[in-house]
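Protein chains: 2
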Amino acid sequence: MFRQLGLIGCGLMGGSFALALKNAGLVEKVVGYSASAATRERALAMGVIDAVAPNAADAASGSDLVLLAMPVAAIEATLRDIQPRIHPGMLVMDVGSTKRDVVAACESALREQQGCFVPAHPMAGREVSGVAHADAALYQDRLVILTPTRYTQPESLARAVDVWRAIGCRVVQMSPAQHDAALAAVSHLPHLLAFAFINSVTAQTQAADSLAVAGPGFRDFSRIAASEPRMWHDILLANRDEILNQTRQFRASLDRLEQALSQSDGTALHGLIAQASAARAAWRLGPAEP
Amino acid sequence: MFRQLGLIGCGLMGGSFALALKNAGLVEKVVGYSASAATRERALAMGVIDAVAPNAADAASGSDLVLLAMPVAAIEATLRDIQPRIHPGMLVMDVGSTKRDVVAACESALREQQGCFVPAHPMAGREVSGVAHADAALYQDRLVILTPTRYTQPESLARAVDVWRAIGCRVVQMSPAQHDAALAAVSHLPHLLAFAFINSVTAQTQAADSLAVAGPGFRDFSRIAASEPRMWHDILLANRDEILNQTRQFRASLDRLEQALSQSDGTALHGLIAQASAARAAWRLGPAEP
Chain A
21 MFRQLGLIGC GLMGGSFALA LKNAGLVEKV VGYSASAATR ERALAMGVID
71 AVAPNAADAA SGSDLVLLAM PVAAIEATLR DIQPRIHPGM LVMDVGSTKR
121 DVVAACESAL REQQGCFVPA HPMAGREVSG VAHADAALYQ DRLVILTPTR
171 YTQPESLARA VDVWRAIGCR VVQMSPAQHD AALAAVSHLP HLLAFAFINS
221 VTAQTQAADS LAVAGPGFRD FSRIAASEPR MWHDILLANR DEILNQTRQF
271 RASLDRLEQA LSQSDGTALH GLIAQASAAR AAWRLGPAEP
Chain B
21 MFRQLGLIGC GLMGGSFALA LKNAGLVEKV VGYSASAATR ERALAMGVID
71 AVAPNAADAA SGSDLVLLAM PVAAIEATLR DIQPRIHPGM LVMDVGSTKR
121 DVVAACESAL REQQGCFVPA HPMAGREVSG VAHADAALYQ DRLVILTPTR
171 YTQPESLARA VDVWRAIGCR VVQMSPAQHD AALAAVSHLP HLLAFAFINS
221 VTAQTQAADS LAVAGPGFRD FSRIAASEPR MWHDILLANR DEILNQTRQF
271 RASLDRLEQA LSQSDGTALH GLIAQASAAR AAWRLGPAEP
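If you read the sequences in order, they're chains A and B. Under my numbering, the residues of the first sequence are numbered 21 to 310, in order. Under my numbering, the residues of the second sequence are numbered 21 to 310, in order.
In structure tokens, the structure reads:
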């Protein structure tokens, strides 16, 4: 399907993408570049990439598929680096967790060439990172959200859908703004709340006693608080307006529960709990194809 | 070890306790009473109990171990019912999720006989309820918190420790006030936040789109929002002061994160996330014996 993948960023996400493409027989050669020399060498030794490029532009040069698998904050500069090497028929994608900022970076850096770029967010993170954990099955049965713009070429979008499906993803399309609003609600806000919750509990005098009797509910509720700080610093800042919008709505919802509780209004309290319980019980992981 | 268990409340918690005692050969006979006739008959048919009592007092009568496995709100009236049947050497326990209110009910209803009562909170809930789900292994490897008072007879406490250990529990002792403060922090607050979160997200216009792309982080963070409304209505009201104290501290912690975010103070934001991430990564389920 592809002659050459130019992989820019050879960590967990990028390395797993390369392995998945190779396993599926979808690519002949992978040329990789990573900011870290150790990562480049490790990726080569592991067979994740077949050749090391000295920089991002050379990794893109001559490739018909380019994946930017790096922190979102580095995407604009990288797009500027590779812009002179873009040729007709090249498909360029990212794997970032926010999309309005990536689209803005693309417009600014690629201008009339941005039609080749398909913003992508594969929802396949793990607690670990680094090429050492690269896994050909990372994207199997995961959701990938594509956020094409009015500049995205239809043939680029169609090829992007095909490649993610070929490595096992379910593909959903929405606008960059819809993506950032939805992720703020169901991913970014829960992370912020989990960080706030853990900081609140652990700062208390009797924290050790409390944590010693914490059970499975605590374990699951707070699991995402252990996420990687640098990545979540970037995500929260990049999607700040949508997340602050979500915290306002969350606080209003918490106000209603607290008010019922502080007034010992059992009817209102039961109603609010029953509403949440029914809604959560009705939810299932894994949406159908749109 | 015991001649007769008087089981008052034959649902999931009580039924599992009876089965665990029988499996361990710790009881000769189980006499059960439940408010629901259907539950009584089902418990008898399943062999969870060996005989049905017509009321709580008759279930206690002649038993050397009595377990109150019912909503906390019903404990005081039940203790008054069984008070005339209490005899020296009888051990009485409950399984309620809050403890200051149970201790107050015990003082009021049992008075000079309260030494036989050992307040217990086995942390072994499940998503399902009812005697049909009773399971002899429910308490295996679970934590039970005993909250003796200054009136609790040392021999009653020692027998309580023995019986919970014999069915596989790890036993922790703390005061009723310490219990309620600790559980407010690590169980009741997370439930309240999960209820508020789900109500906030599901009330939004674009809720269906957002929930369709929710992933494993959302699943785990919000799982406890599906808990049983009546039980959590009771728990939140019974432990109201400690929970409202926890929400005040949580809001202050959320304020700090929101302030760093709204001011785009990346250093402060990264520091707060890193603090939460390190604290949560260091926590492990399953405390050692105290």
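A virtual CB, placed ideally from N, CA and C, is assigned to each residue, including glycine.
Item                                                                                                                                            : Value
Endpoints, the alpha helix (DSSP H) within which residue 127 of chain A is located                                                              : 120–130
Close-in-space but distant-in-sequence residues of the same chain around residue 256 of chain B (CB under 8 angstroms, 5 per side omitted)      : 208, 211, 212, 263
Secondary structure of residue 295 of chain B, DSSP reduced to three states                                                                     : helix
Those runs of the beta strand (DSSP E) which lie wholly inside the stretch 31–91 of chain A and span at least 3 residues                        : 47–53, 85–88
Residues near residue 199 of chain B by beta carbon distance below 6 angstroms, same chain, minus five either side                              : 119, 165, 167
Nearest residue (CA-CA) to residue 52 of chain A, options A/65, A/97, A/73                                                                      : A/73
Residue from A/247, A/222, A/141 whose Cα sits closest to the Cα of residue 202 of chain A                                                      : A/141
Test: residue 26 of chain B CB closer than 8 angstroms to a CB of chain A                                                                       : no
Alpha carbon of residue 25 of chain B to alpha carbon of residue 107 of chain B, nearest angstrom                                               : 14 angstroms
Residue 26 of chain B in three-state terms, based on DSSP                                                                                       : strand
Residues sharing a beta bridge with residue 166 of chain A, DSSP                                                                                : A/140, A/193
Residue ranges of each alpha helix (DSSP H) within the stretch 210–243 of chain B, 4 or longer                                                  : 227–232, 236–242
Segment contact, 8 angstroms Cβ cut-off, at least three pairs: the stretch 212–232 of chain A with the stretch 284–292 of chain A               : no
Closer than 8 angstroms at the beta carbon, the chain A residues around residue 143 of chain B                                                  : 233, 235
Beta-carbon proximity of residue 297 of chain A to residue 246 of chain B, cut-off 8 angstroms                                                  : yes
Neighbourhood of residue 353 of chain A by C-beta distance below 7 angstroms, restricted to the same chain and skipping five residues each side : In the structure as shown, chain A starts at 21 and stops at 310, and residue 353 of chain A therefore has no counterpart that could be examined.
Residue 111 of chain A - partner residues in DSSP beta bridges                                                                                  : A/85
Closer than 8 angstroms to chain B by CB, residue 242 of chain A                                                                                : yes
contact_flag[the stretch 90–100 of chain B, the stretch 121–130 of chain B] where n(CB pairs < 8 angstroms) is 3 or more                        : yes
Burial state of residue 41 of chain B (16 or more Cβ within 10 Å)                                                                               : buried
Residue 69 of chain B and residue 126 of chain B closer than 8 angstroms at C-beta                                                              : no
Coarse secondary structure for residue 135 of chain B, derived from DSSP in three states                                                        : helix
Within-8 angstroms CB hit, residue 92 of chain A to chain B                                                                                     : no
Secondary structure of residue 2 of chain B, DSSP reduced to three states                                                                       : The structure shown does not extend to residue 2 of chain B, since chain B is modelled only from 21 through 310, so no value can be given for it.
Check whether residue 60 of chain A and residue 77 of chain A have beta carbons under 8 angstroms apart                                         : no
Cβ-based contacts, 7 angstroms cut-off: residues of the stretch 284–308 of chain B near chain A                                                 : 284, 286, 289, 290, 292, 293, 294, 295, 296, 297, 299, 300, 301, 303, 305, 307
Endpoints, the alpha helix (DSSP H) within which residue 253 of chain A is located                                                              : 249–258
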